[in-house]
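Numbering (numbering that gives the first Met the number 0), first residue to last: 0 to 459.
All residues carry an ideal CB built from backbone N, CA and C; glycine is no exception.
Since the model is a prediction, treat every value here as computed from it, not as a measurement.
Worksheet: one structure, shown below.
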Amino acid sequence: MSIVTRFAPSPTGQLHIGGARTAIFSWLLARQAGGRFVLRIEDTDTVRSQAAYTEGILASMKWLGLDWDDEPIYQTQRFDIYNKFIDSMIENGTAYWCSCTPEEVEAMREAARAGGTKPKYDGRCRERGLGPGPGRVVRLKAPLAGTTIMDDLVHGPVAFDNAELDDMILRRSDNTPTYNLAVVVDDATMGITHVIRGDDHINNTPKQIMIYNALGFPLPKFGHVPMILGPDKKKLSKRHGATAVYEYEAQGILPEAMLNCLVRLGWSFGDQEIFSREELLQHFSIGSLGKSASVFDNEKLLWLNQHYIKEADLDRLAGLLAAILGERGHAGLDAGYLKAFIPLLQPRSRTMVEMADQAEMFVADEPALDEAAAAKFLTEETKPHLAEIARIFEAADDFQQEPLEAAVKAYLDAKELKFKLVAQPLRVALTGRTASPGLFEMVEAMGKERVLKRLKRVAG
RNA sequence: GUCCCCAUCGUCUAGCCUGGUCCAGGACGACGGCCUUUCACGCCGUUAACAGGGGUUCAAAUCCCCUUGGGGACGCCA
0 MSIVTRFAPS
10 PTGQLHIGGA
20 RTAIFSWLLA
30 RQAGGRFVLR
40 IEDTDTVRSQ
50 AAYTEGILAS
60 MKWLGLDWDD
70 EPIYQTQRFD
80 IYNKFIDSMI
90 ENGTAYWCSC
100 TPEEVEAMRE
110 AARAGGTKPK
120 YDGRCRERGL
130 GPGPGRVVRL
140 KAPLAGTTIM
150 DDLVHGPVAF
160 DNAELDDMIL
170 RRSDNTPTYN
180 LAVVVDDATM
190 GITHVIRGDD
200 HINNTPKQIM
210 IYNALGFPLP
220 KFGHVPMILG
230 PDKKKLSKRH
240 GATAVYEYEA
250 QGILPEAMLN
260 CLVRLGWSFG
270 DQEIFSREEL
280 LQHFSIGSLG
290 KSASVFDNEK
300 LLWLNQHYIK
310 EADLDRLAGL
320 LAAILGERGH
330 AGLDAGYLKA
340 FIPLLQPRSR
350 TMVEMADQAE
360 MFVADEPALD
370 EAAAAKFLTE
380 ETKPHLAEIA
390 RIFEAADDFQ
400 QEPLEAAVKA
410 YLDAKELKFK
420 LVAQPLRVAL
430 TGRTASPGLF
440 EMVEAMGKER
450 VLKRLKRVAG
C-alpha cells in the first residue's frame, strides 16, 4: 500500500516552526516512499481563520521546498460530507441527540472537578432517543468501559481507559461538525495512511479512534512527534522571538538551513549535522524520531545558515542580496560587481541581512566614516602614505590583488616601513570601518575608479 | 484535580530496543590557542551530562518500580 500523508494547518496564523517541522516529517515520509503528500486547510473556525494566512502558509511551504499533491482541501467546503457521516452514525446507533445546554454540561464538569475526577459530560441523554431540535447537539455514544489502544509510530503502544473519555460532541447546535469528527472523516476519505502530528494531539487520538470504529473506517497509523519549546522550556510563543517561518526568511535565513535545522530537532542520523534534501530523503526514518520535546536553538540555525551561505551559488546570493539592498535604497546594482565582492562576505555573514549590512561599504557612494576610526587612523602621519598608495594604484594597469599588494609592499620596503602602519588607515579609507574583508581582495573587487575616489576623499 | 507523554553536557543529540567495547561520543555555544593587515573563515584544544532513590544482574546510561521535574490534554477551539 502506497503511503499518503497530510499536513493540516489551521489558517489562524502564519506557519510557525513547530508546524513546519511536522510538515517536513510528513513530507519526508511520503516523498521517500514515492507516496503522496496532501494539504488540508482546517478553516472551520470562521472567526479566527483568514485567507491571508492560508496564502502565507502555502508560501512558506513553497519556500521550504515542501511540495504537495493535488489542490489543498478546505474543510469549510465539506460540511455536507461531515453531516452525512454524522447522520449515518445516528442511524447505526453510535451517536445520539442531546438536549443539554452548555450551562448544564459545565455544571457537570464542575461537579466532577470538585470530586477529583476528570471533567466530563455524564451521558444523561444517551438513552433518551431524542430527535433533532433547536439547540440540540449530536454526541458520540462512546464505549463506557474497556481500553482504547493506540499503537504509535514513535511512542509505541499507549493505552487509554475509556472511562476517562466522555461522549464528545460531533455536531454543534449550529449544525457544524466539531474538530475530531471532521479530522476523522477527512483523513479517512482522503485515504491518509499515516497521520503525523504534534504530540499535543495524543489525547485526541483515542477519541478519534472511537469515531473511526463507529464509522467503520480502517485505522491509519499514527505518529506523534514531540513539540518544540522555547529556551525557557515553555511552549514556543511570540515572546520567544521569531516563531513564524516567514520571519526567518525576512532575517535572511536560507530555506535549506531552516529545513536542516528543523529536521534535526527530534531526529538524528548518527553524528551527521548537515543534510541535503537528497540525504534527508535517503536517511529519514520515523522510527529514529526522538520522544522528548526540544528547545529551538537560534545559534545553531545561524551556524547552519552561515554554512549554507558559504556553499551557495553566487548568482542566487546576488539576487537575494540585491533584493535586500534594493529595499535600502540601493537600486540597479551591477550584478557583476555584486558577484565580485560577495565571495569576500560569504565567510563573514551568518544571514543575508548581515551580508547586506557589510555590503553597504561596497555599494555606498561614500561609505559612512566611523569617526573614532578616522581620528585614530587617518592622521597627518598616515595620510601621505595613503596618497602615495593612491598614486601606485593609479599607475597600475593590472588591477589584480597580487601585483597591487606587491607594489604597495615594495613601496613600504623601500621606506623600511611595516605594513601594519598603513593597513588600518587604508581599511578605514576604503570602507569607513575598522573591520572588513582583506584589503587587497577588496581593492580588486571595488575596482580602480572606486578605490581611487575613496582614497582621495580622505587623503586629498 | 484527573489522564497522557517525556527525562544523557547550557542547547541539539549518539548510545538505550539486542545490558559489559561508555570514568559516555559528535555538533552548536562558551573559553583558550594557532593563523593574521582588521573582522571573519579555517585548524587545534578545554569546558560540561546519564534527574534522584530503590530493585534485577557477576555487570545498568541501557531492563523494572517509585519519587521528582518538565510538557500536554481535559471546549458546542483547532
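Starting from residue i, trace the alpha helix (DSSP H) both ways and give me its first and last residue.
i      : result
Leu57  : 50 to 63
Gly197 : First-last for Gly197: 193 to 197, but that is the beta strand (DSSP E), not the alpha helix (DSSP H).
Asp185 : 178 to 188
Val362 : 351 to 362
His451 : According to the sequence provided, residue 451 is Leu. The question's His does not apply to it. Residues 447 to 458.
Ile201 : Looking at the DSSP string, Ile201 is not in any alpha helix (DSSP H), and its letter there is neither H nor E.
Ile23  : 16 to 31
Gly463 : Missing from the structure shown is residue 463; the chain here goes from 0 to 459 and no further.
Gln423 : 418 to 430
Lys234 : Where Lys234 is concerned, there is no enclosing alpha helix (DSSP H), given that its DSSP letter is neither H nor E.
Ser87  : 78 to 90
Asn259 : 254 to 262
Please list the terminal residues of the continuous beta strand (DSSP E) segment that includes residue i.
i      : result
Lys220 : 220 to 224
Arg170 : 168 to 170
Arg5   : 3 to 6
Asp412 : Taken as a continuous stretch (DSSP letters only), Asp412 belongs to no beta strand (DSSP E), being part of the alpha helix (DSSP H) at 400 to 413.
Val37  : 35 to 40
Trp96  : 94 to 97
Ile148 : 146 to 151
Val157 : 155 to 160
Would the beta-carbon of residue i fall within 9 Å of that of residue j?
i      : j      : result
Asp467 : Arg30  : Because the chain spans 0 through 459 in this model, residue 467 falls outside it and cannot be assessed.
Trp62  : Tyr245 : yes
Ala213 : Lys140 : yes
Phe398 : Glu443 : yes
Leu301 : Arg349 : yes
Ala358 : Asn304 : no
Arg125 : Ser98  : no
His154 : Asp198 : yes
Gly122 : Trp96  : no
Leu403 : Phe392 : yes
Pro342 : Arg453 : no
Met107 : Lys119 : yes
Leu65  : Ala22  : yes
Ile195 : Thr433 : no
His193 : Ile285 : yes
Gln74  : Glu41  : yes
Ala317 : Lys382 : no
Trp67  : Val104 : no
Val427 : Ala386 : no
Asn82  : Asn179 : no
How would you call residue i, buried or exposed, if buried means at least 16 neighbouring beta carbons within 10 angstroms?
i      : result
Ser435 : buried
Leu416 : exposed
Arg390 : exposed
Phe376 : buried
Gly265 : buried
Arg171 : exposed
Phe283 : buried
Gln271 : exposed
Ser59  : buried
Pro8   : buried
Leu143 : exposed
Asp186 : buried
Ile388 : buried
Ser1   : exposed
Ala158 : exposed
Asn202 : exposed
Ser275 : exposed
Ala181 : buried
Worksheet entry | Length at least 4, wholly inside the stretch 276 to 332: the alpha helix (DSSP H) runs in chain order | 276 to 282, 297 to 310, 313 to 326
Worksheet item: Quick one: any contact between the stretch 319 to 338 and the stretch 283 to 298, if contact means 3 or more CB pairs under 8 Å?
Response: no
Worksheet item: Is the number of C-beta pairs between the stretch 104 to 113 and the stretch 213 to 229 that are closer than 8 Å three or more?
Response: no
Discussion item. Quick check: the stretch 349 to 369 against the stretch 242 to 252, are at least 3 beta-carbon pairs closer than 8 Å?
Written reply: yes
Worksheet item: Hey, which unbroken runs of the alpha helix (DSSP H) at 4 residues or more fall wholly within the stretch 99 to 137?
Response: 101 to 113
Fill in: Stretch pair the stretch 197 to 210 + the stretch 149 to 165: three plus CB contacts closer than 8 Å
yes
Discussion item. With three or more beta-carbon pairs closer than 8 Å as the criterion, would you say the stretch 49 to 64 touches the stretch 9 to 16?
Written reply: yes
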